[in-house]
Amino acid sequence: SLTIGIVGLPNVGKSTLFNALTKNDVLAANYPFATIEPNIGVVGVPDTRLTRLAEIFGSERVVPATVDFVDIAGIVRGASEGEGLGNKFLANIRESDAICQVIRAFKDENVVHVDGKVSPKDDIETINTELILADLQTIEKVLPRLQKEARVKKDVQPKVKAVEEAKAILDEGRTLFSAGIAQGTEQAALLHDLHLLTTKPFLYVFNVDEEELTDEAFKDEQRALVAPAEAIFLNAKLESELAELDEADALELLRSVGQEEPGLATLARVGFDTLGLQTYLTAGPKEARAWTIKKGATAPEAAGVIHTDFQRGFIKAEVVSFDDLVEAGSVAEARARGKARMEGKDYVMQDGDVVEFRFNV
Ligand code: GDP
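According to our numbering, the stretch in the sequence shown is residues 32 to 392, in order.
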């Protein structure tokens with residue numbers, strides 16, 4: 032499955048955040064016999080629609096989609112120079128599908144900042160510089176050979192052009208993602224086998240003081256720093272406290288700081304979206320469940336997530352949108368109202384589709 036690597040300077044609250052994430056580990060909660068790797072947190076993507084479906088279908092349990100966070104050892108200035116920890120760090124990032132930077136915004140004299148002052152802008156620059164330098168090194172290693180090859184092989188020319196353009200962007204101190212060369216674009220496809228770091232989607236977690244959770248002007252400033260990447264604001268210490276409370280107490284604590292849901296819930300949802308994923312829903316007496324698919328997946332591909340046989344033997348999918356189902360109150364009533372659609376193999380799954388597959392075995 033796809034993973035999000037958590038990176039950041041030392042002492043910004045990564046471990047605190049990661050501990051809170053693992054306290055919410057749905058694997059630990061739902062699958063007590065699963066092997067859990069110490070540096071991976073599997074977090075449920077909160078979805079209130081599942082609770083509603085469970086009511087309609089009388090489901091025994093609810094199974095949310097999940098997103099995997101990987102705790103990557105702390106970045107240090109000079110990581111791209113590649114000695115020891117630096118190499119391992121970059122290799123870990125290379126294996127992640129998205130990069131989540133934890134940025135310190137909280138002020139606390141008792142917690143030392145590696146660079147002596149709290150400055151989100153400088154910290155973001157420090158981390159991005161290491162990633163950019165690593166990508167430049169990769170490019171400098173392959174570009175001369177590619178340029179030579181392109182002189183005799185015309186079909187290599189588009190790739191050379193893409194690599195040269197990427198180099199120009201990186202030389203300006205910009206990440207490829209922020210310049211719009213993100214995974215899924217044609218240019219990123221041409222760069223694919225270079226395994227660059229900065230084409231990965233980025234998201235930013237600002238570890239803020241409680242007062243800043245509701246400080247819209249402050250948050251807008253940080254959002255502007257990281258756009259087009261998403262920014263999430265949370266207090267890591269508060270998150271780890273929330274993870275220990277029951278739902279009612281957690282809600283009360285959240286309300287006291289002006290929040291509706293835990294920052295981790297937002298992080299899971301935004302992270303899931305950043306990975307290019309979406310869900311569709313199934314429900315029955317046993318469970319109401321969200322299944323993970325890539326955005327743009329077709330009905331047979333979606334069926335394949337449940338079982339490869341479902342994809343191979345796919346006939347059609349009966350689809351009711353969640354809103355129509357809730358309004359009708361049951362699948363039978365939705366059918367009677369003409370709200371249940373029979374979709375074939377070319378159908379592209381939509382968010383909120385409640386599905387039953389028909390297939391040959
Ligand atoms: P890491 O090095 O990035 O993993 O940082 P840690 O999670 O170990 O946190 C470093 C220190 O900062 C610890 O003493 C934490 O208790 C403290 N810390 C973490 N998050 C917060 C926060 O939101 N507010 C305050 N005041 N301290 C925090």
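Even for Gly, the Cβ is constructed at its ideal location relative to N, Cα and C. Bear in mind that the values here come from a model prediction, so they are computed numbers and not experimental data.
For this session: May I ask you to report which of helix, strand or coil DSSP gives residue 10?
Result: No answer is possible for residue 10: it lies beyond the span of the chain, which begins at 32 and ends at 392.
For this session: Any chance you could list the beta strand (DSSP E) runs of at least 3 consecutive residues sitting entirely within the segment 310–359, in chain order?
Result: Listed in chain order, the complete beta strand (DSSP E) runs (minimum 3 residues) inside the segment 310–359 are 318–325 and 345–352.
For this session: Look at residue 234 and residue 195 and say whether their C-beta atoms are less than 8 Å apart.
Result: Between residue 234 and residue 195, the CB-CB gap reaches or exceeds 8 Å.
For this session: For residue 405, verify whether its CB is less than 7 Å away from any heavy atom of ligand 1.
Result: As shown, the chain starts at 32 and ends at 392. That puts residue 405 outside it, with no answer to give.
Exercise. From residue 63 to residue 123, what distance separates their C-alpha atoms?
Worked result: In this prediction, residue 63 scores a pLDDT of 48, lower than 50, which makes its location untrustworthy; no coordinate-derived value is stated.
Exercise. Can you give the Cα-Cα distance for residue 82 and residue 126, rounded to whole angstroms?
Worked result: Cα to Cα, the separation comes out at about 34 Å.
Problem set entry | Length of the line joining the Cα atoms of residue 256 and residue 363 | Using only the alpha carbons, I get a separation of about 50 Å.
Exercise. Helix or strand or just coil, what does DSSP make of residue 391?
Worked result: Coil.
Problem set entry | residue 373, buried or exposed, once every other Cβ within 10 Å from all chains shown has been counted against 16 | Exposed, by the Cβ-count rule.
Exercise. Which residues in the same chain have their Cβ closer than 6 Å to the Cβ of residue 240, if we skip the five residues on either side of it in sequence?
Worked result: Excluding sequence neighbours, residue 240 sits near 137.
Problem set entry | residue 45 versus residue 381 - alpha carbon distance | Distance from the CA atom of residue 45 to the CA atom of residue 381, rounded to whole angstroms, is 34 Å.
For this session: In the DSSP assignment, find the unbroken beta strand (DSSP E) run with residue 93 in it and report its ends.
Result: Unbroken beta strand (DSSP E) run through residue 93: 92–94.
Exercise. Which term fits residue 243, buried or exposed, when burial requires 16 or more other beta carbons within 10 angstroms of its beta carbon?
Worked result: It counts as buried.
Problem set entry | Counted within 10 angstroms of its Cβ, other Cβ atoms place residue 175 as buried (16 or more) or exposed | It counts as exposed.
Problem set entry | Three or more C-beta pairs below 8 Å linking the segment 284–295 and the segment 303–312 | Judged by Cβ distances under 8 Å, the segment 284–295 makes no contact with the segment 303–312, as fewer than three pairs qualify.
Exercise. Contact check, residue 130 vs residue 36 under 8 Å by CB: the rounded distance?
Worked result: Right, their Cβ atoms sit about 6 Å apart.
Problem set entry | Residues that DSSP places opposite residue 372 in a beta bridge | DSSP lists 350 as partners of residue 372.
Exercise. What residues match up with residue 308 in a beta bridge as DSSP calls it?
Worked result: DSSP, once it has assigned bridges, lists 325 as partnering residue 308.
For this session: Spatial neighbours of residue 70 within its chain, please: CB distance less than 7 Å, with the 5 preceding and 5 following residues excluded, ordered by chain position.
Result: The residues 101 and 102, in chain order, have a CB closer than 7 Å to that of residue 70 in the same chain once the five nearest residues on each side in sequence are set aside.
Exercise. Who are the near neighbours of residue 371 in its chain, counting only those whose CB is closer than 6 Å to its CB and skipping five residues on each side?
Worked result: So the list reads 349, 351 and 365, once near-sequence residues are dropped.
For this session: Please report how far the alpha carbon of residue 178 lies from the alpha carbon of residue 334, in whole angstroms.
Result: For residue 178 and residue 334, the distance between alpha carbons rounds to 44 Å.
For this session: Would you list the residues sitting across from residue 135 in a DSSP beta bridge?
Result: As a beta-bridge residue in DSSP terms, residue 135 pairs with 238.
For this session: Report all residues from its chain with a CB closer than 8 Å to the CB of residue 149; omit the five preceding and five following residues, and keep chain order.
Result: Counting only Cβ-Cβ distances below 8 Å, and skipping sequence neighbours, we find 135, 136, 137 and 138.
Exercise. From which residue to which residue does the alpha helix (DSSP H) around residue 249 run?
Worked result: First-last of the alpha helix (DSSP H) with residue 249: 247–257.
Exercise. Name the DSSP bridge partner or partners of residue 384?
Worked result: 352, per the DSSP bridge assignment.
For this session: Confirm, please, whether the CB-CB distance from residue 279 to residue 75 is below 8 Å.
Result: No. Outside cutoff.
Exercise. Any idea if residue 92 is buried or exposed, counting beta-carbon neighbours within 10 angstroms, 16 or more meaning buried?
Worked result: Under this definition residue 92 is an exposed residue.
For this session: Using alpha carbons as the reference points, say which of 272, 367, 384 and 147 lies closest to residue 53.
Result: That would be 272, whose Cα lies nearest to the Cα of residue 53.
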